[in-house]
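Residue numbering for the sequence shown follows numbering that gives the first Met the number 0, beginning at 0 and increasing consecutively. In this text, a Cβ means the ideal position worked out from N, Cα and C, and glycines have one as well. This structure is a prediction, so every number in the text was calculated from the model and none was measured.
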Amino acid sequence: MKFNKYHSPLSHEELMEKCRKIKHVALDMDGTIYLGSQLFPFTLGFLKDLEEMGIKYSFLTNNPTKSVDDYLAKIEKYGIHAERDEMYTSSVATIDYLHEKFPNAKKLFVVGTPSMEQEFRNAGYELLPDDPEQVPDVLIVAFDTTLTYPKLCHASWLASQGIPYIATNPDRVCPTDQKTILVDCGSLCKCIEHATGREPDAVIGKPNPDMLSGICFREGLKPEEVAMCGDRIYTDVATARNAGSLGVLVLSGETTLETAMNSDPQPEITAENIAEFCELLKEARK
0 MKFNKYHSPL SHEELMEKCR KIKHVALDMD GTIYLGSQLF PFTLGFLKDL EEMGIKYSFL
60 TNNPTKSVDD YLAKIEKYGI HAERDEMYTS SVATIDYLHE KFPNAKKLFV VGTPSMEQEF
120 RNAGYELLPD DPEQVPDVLI VAFDTTLTYP KLCHASWLAS QGIPYIATNP DRVCPTDQKT
180 ILVDCGSLCK CIEHATGREP DAVIGKPNPD MLSGICFREG LKPEEVAMCG DRIYTDVATA
240 RNAGSLGVLV LSGETTLETA MNSDPQPEIT AENIAEFCEL LKEARK
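Here you go:
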């Protein structure tokens, strides 16, 4: 299918009106500003153009495998400097959820990487081993590239026992530039569901609109003044739709043009990459 810069179900005038309102762009990371270990060649130029237009930006990722500090260090190597409050991961969002919904929780069993586990320890939680004699207050399941079979089995056992159960994100796979499939949190939760009949009590991360409402609150913005830009319809674009913000799908990661065209509803903007979206923002400001 031929792709010509961008596609939108909106008229050009409607699209320009929406783009003119944008004061902040929330950016997904893997598949949007980089893919696996490779920064896209247009990313740094895109961020510079946003700054020149007076548009702020922040980074939102459903990938909880790294702590905020690790993510900041990673993008710093790419030449992108960001502050802690400009980086929001699904593990940070999960900690915020725990503070709100389970204020008395102290002990957790976490299916996650060591970097993510440290994020929870830094927040004051005790992380329990896969010991059936130790009962956590909450079970947390995340994208875990260090997953072991005993860890998965113990998480399934806890889920079967009715322990409060939270998933950090719904993603089925993680984008990669390697010849493999990275099984993500949503697929691990399906495994637990098939074994126990139990689904998570809550799924944090995109498409949960709280991932964007925090930006609106912190920056004093209306939802329509924020654009959510990412490579997935069911997380990134759905987050924007749920929050009342502008949803921008880029085809530099997981989603194909055919999938985008067949989705119902279609994203307000489907662009080849963030550079193409930037051209729309520039056009709207002429």
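C-alpha gap between residue i and residue j, whole angstroms
i    : j    : result
P63  : M115 : 6 Å
Q177 : G252 : 12 Å
K106 : Y148 : 22 Å
V172 : S57  : 23 Å
D129 : V137 : 13 Å
Q133 : L127 : 7 Å
L211 : E51  : 23 Å
T269 : C228 : 10 Å
T175 : V182 : 11 Å
Y70  : G185 : 21 Å
S90  : D84  : 14 Å
I32  : N272 : 9 Å
D170 : D235 : 10 Å
E12  : I54  : 21 Å
First through last residue of the alpha helix (DSSP H) which encompasses residue i
i    : result
L151 : 148-159
I273 : 273-283
A242 : 237-242
T88  : No alpha helix (DSSP H) holds T88; the beta strand (DSSP E) holding it covers 86-88.
A259 : 256-261
6 Å CB neighbourhood of residue i in its chain, flanking five on each side removed
i    : result
Q265 : P8
E223 : K20
C18  : L279, L280, A283
T42  : I32
A226 : I21, V24, L245, V247
Chain-order list of residues whose beta-carbon lies under 8 Å from that of residue i (same chain, five-residue window excluded)
i    : result
L151 : V110, L187, C190, I191
I180 : V172
K100 : A201
Where residue i sits in the DSSP three-state scheme
i    : result
Y70  : helix
Q117 : helix
M15  : helix
I139 : strand
A194 : helix
Y77  : coil
V134 : coil
D209 : helix
T269 : strand
I165 : strand
Unbroken beta strand (DSSP E) run spanning residue i, endpoints
i    : result
F108 : 106-110
K55  : 55-60
L248 : 245-249
L46  : Taken as a continuous stretch (DSSP letters only), L46 belongs to no beta strand (DSSP E), being part of the alpha helix (DSSP H) at 42-51.
G229 : 225-229
A25  : 23-26
Own chain partners of residue i with C-beta closer than 7 Å, once the 5 adjacent residues on each side are dropped
i    : result
P208 : T238, N241, A242
S262 : I232
T254 : D230, R231, I232, L248
S66  : S114, M115, Q117, E118
L97  : A104, V137
Beta-carbon gap between residue i and residue j smaller than 8 Å
i    : j    : result
A122 : G204 : no
T112 : S155 : no
I162 : P206 : no
C277 : F45  : yes
L59  : Y77  : no
A158 : R197 : yes
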